[in-house]
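Input: a single structure, listed below in structure tokens.
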Amino acid sequence: MSATDEIKKAIYAKYPMVYVVSWEEKRVEELLESFSRSAFQDNLYVWSATEGMKKGKDKLDGTQGILDALSFASNAEKGFFLFKDIQSFLADPLVVRKFKDTYFYIKNKPVRVFAMSVLLKLPEELKRYFAVIDYQLPSFDELYELVNSYLSEITKRGAVVSLKEDGISQMAVALQGFTMDEANFALSKVLHRKEIIDTSVLDQLKEEKKQIMRKEGVLEFITDKLTIDDIGGLDNLKDWLIKRKRAFSPEAREYGLDLPRGLLIMGITGCGKSISIKSVATLWELPLFRLDMNLVYSGIAGPPEEAFVRALKVVESASPAVLWLDEIESGITDKYTADSTARILGYFLTWMQEHRGGVFVGATANRIDMLPAELLRRGRFDQIFFVDLPGRKEREEVFRVHFRKRKIDTAKFNLPQLAQITKGWSGSEIEQAIISAMYEAFNQEREMSEDDLFKIFTNSVPLSTTMAEQIKKIRSWAHDRAARASSEKPEI
Ligand SMILES: Nc1ncnc2c1ncn2[C@@H]1O[C@H](COP(=O)(O)OP(=O)(O)OP(=O)(O)O)[C@@H](O)[C@H]1O
Ligand SMILES: [Mg+2]
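Take a look at the structure:
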């Protein structure tokens with residue numbers, strides 16, 4: 051059932067008070083306005099802390115404070131009343147009491163009170179008085195309908211739609227995660243003055259999505275496609291991912307499999323944690339969103355808790371999707387930040403346990419000692435993998451991957467030997483060495499040779515040497531808590 055239908059149902063069911071959780075203030079307001087017009091041939095009453103109660107354009111005297119505004123609603127004979135940003139007022143016991151009183155005043159009259167906020171923050175004692183509606187971002191069906199209405203509109207003015215059914219669905223998919231306003235805006239912009247509508251609009255919509263996510267501040271919609279062939283080694287992890295390739299298909303549900311919830315990859319820096327998560331989305335053909343916990347905590351996108359919840363909602367509305375939480379520990383376990391850390395952690399843990407939306411969480415962590423035990427308990431992540439330094443065979447593969455990427459002829463290099471002398475080097479360090487060697491050769495206007503590489507490997511020390519103690523610690527911690535991402539035994 052769409053959120054609009056839910057509001058309609060709540061009105062028909064005659065709930066005196068309804069709590070609407072939504073990011074789409076304008077959409078909810080318009081909807082209630084239209085319901086108010088058809089029920090009473092009259093405007094909706096809207097209260098906000100800044101303007102008091104308004105009916106249409108008219109401000110009503112003596113309704114600036116929420117208590118007075120609620121008295122006004124209690125005394126009314128009929129009408130719909132919308133109270134905005136209600137969450138911050140419900141901490142006040144007087145307001146809580148006033149809502150209870152209001153309930154009894156209005157319950158036998160054609161008066162409805164709608165309280166709206168972006169988060170559900172209903173005090174225990176009010177729970178029995180409110181019906182709660184989660185007014186989600188628009189569903190796929192709603193967006194599909196919207197796309198169709200735009201397309202038929204522009205066909206009327208002579209544009210040619212050369213998109214197949216599948217392309218139209220893809221347009222709707224690209225709009226998932228948008229509010230209705232944003233979707234309208236993006237469609238008008240992308241279709242503006244176009245004569246022929248073809249697959250190029252899909253790319254433009256994806257670009258719009260990137261922009262909107264950027265505005266969101268904490269979420270990034272990632273479009274670069276990294277495949278598992280871009281990863282050297284990590285065979286156990288790849289195997290796990292390949293086996294779950296069809297995990298989000300209807301066939302998997304029919305077979306009796308649950309939707310996978312998430313994967314935590316922890317381990318040594320520069321060994322492929324982040325690229326592994328990127329490859330999940332490509333392999334499973336799902337959209338990928340990166341949530342930056344540092345930005346969430348910075349407050350740049352509003353109060354951390356709200357930013358976090360909104361981000362989860364956006365990703366949920368675009369599901370099935372992969373949500374990438376990079377360096378999860380940076381936000382979640384800092385014991386010295388404010389209460390919001392604990393609240394977000396609590397919220398996240400419950401969400402991990404309960405969400406059914408088809409959002410697959412791909413989390414990575416370096417400072418595993420900082421992760422709280424609750425996060426690692428069974429039922430949160432489907433699997434926890436430990437990524438170690440690459441073994442000898444894996445390093446050969448890493449060379450192969452990066453040579454191929456840079457169009458370097460592998461045949462001219464003795465890969466087993468290169469793998470031999472890079473014992474203790476991470477994938478990222480090997481990549482950096484190749485790049486340095488290439489610059490060296492490029493400046494001398496010749497092809498890169500094995501010698502260029504040898505020089506670098508023999509003259510520098512990998513991080514694993516200076517961090518030996520720390521690596522030992524990470525390994526022993528991971529030993530009985532995580533599965534090894536690769537089957538190759540470590541050499542050091
Ligand atoms: N196993 C690997 N195969 C191919 N490339 C690798 C591998 N490991 C690392 N790299 C290269 O090193 C770069 C860094 O890897 P990545 O970001 O995945 O490391 P990470 O484990 O997430 O490190 P950090 O803990 O520093 O975030 C990648 O862009 C990739 O090119
Ligand atoms: Mg990383």
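Taking the numbering used here, the leading residue of the sequence shown gets 51, the next gets one more, and so forth.
Even glycine gets a Cβ: it sits at the ideal position worked out from N, Cα and C.
### Query
So I278 and D438 are in contact, right, with Cβ under 8 Å, and what is the actual spacing, rounded?
Their Cβ separation, rounded to whole angstroms, is 18 Å, which puts I278 and D438 out of contact at 8 Å.
### Query
Apart from the five residues just before and just after S72, which ones in its own chain have a Cβ nearer than 6 Å to its Cβ?
V78 and Y185
### Query
Is any heavy atom in ligand 1 found nearer than 8 Å to the beta carbon of N416?
yes
### Message
Starting from Y200, trace the alpha helix (DSSP H) in both directions and tell me its first and last residue.
### Response
F190 to K206
### Message
Helix, strand or coil for Y386? Go by DSSP, reduced to three states.
### Response
Bear in mind that a pLDDT of 48 at Y386, under 50, signals an unreliable position, so the number given afterwards is only what the model happens to contain. Correct three-state label for Y386: coil.
### Task
Kindly indicate which three-state DSSP category M67 falls into: helix, strand or coil?
strand
### Task
Work out the CA separation of D274 and F435 for me, nearest whole Å.
24 Å
### Task
Output yes or no for whether 9 Å exceeds the beta carbon distance between A209 and I246.
yes
### For R496, three-class secondary structure by DSSP
coil
### Query
Thinking just about the alpha-carbon of each residue, which of I485, D280 and P512 is nearest to the one in D502?
I485
### Message
Quick check: is any heavy atom of ligand 2 less than 8 Å from the C-beta of E377?
### Response
yes
### Query
Just how far apart, CA to CA, sit R456 and I325?
17 Å
### Task
Within the same chain, show all residues whose beta-carbon is closer than 6 Å to that of A53, passing over the 5 residues directly before and after it, in chain order.
Y185 and Q186
### Query
Of the residues E258, V211 and R243, which one's Cα is nearest the Cα of Q226?
E258
### Query
What number of angstroms, rounded off, separates the C-alpha of V451 from the C-alpha of K76?
50 Å
### Query
How many Å lie between R87 and S189 at the Cα?
26 Å
### Message
Could you check whether R311 and M402 sit closer than 9 Å to each other, using their CB atoms as the reference points?
### Response
yes
### Task
Please name the residue, chosen from A331, F271, K109 and I218, that lies closest to F339 on a Cα-to-Cα basis.
F271
### Query
Are the segment 406 to 417 and the segment 491 to 498 touching by the rule of at least three beta carbon pairs closer than 8 Å?
no
### Message
By alpha-carbon positions, which one of D432, A518 and D191 ends up nearest to I315?
### Response
D432
### Task
Examine ligand 2 and report whether any of its heavy atoms sits within less than 8 Å of the Cβ of S324.
yes
### Query
Where does R162 sit, in a helix, a strand or coil, going by DSSP?
strand
### Message
Using 8 Å for Cβ pairs, my map puts W97 next to A126. What's the rounded Cβ distance?
### Response
With a Cβ gap of about 12 Å, W97 and A126 do not count as contacting.
### Message
Can you confirm whether R445, when its beta carbon is compared against all beta carbons of chain C, has any partner nearer than 9 Å?
### Response
In the structure shown, chain C cannot be found, because there is only a single protein chain.
### Message
Just to confirm the assignment, what range does the beta strand (DSSP E) spanning F271 have?
### Response
L269 to I272
#### Entry: Cβ neighbours of S510 in the same chain (closer than 7 Å, five flanking residues each side left out)
none
### Query
Under the rule that 16 or more other beta-carbon atoms within 10 Å means buried, what is A123, buried or exposed?
buried
### Query
Which residues does DSSP pair with T414 in a beta bridge?
I315
### Task
Closer than 7 Å by C-beta to W527: which residues in its own chain qualify, once you throw out the five before and the five after it? Chain order, please.
I418 and D419
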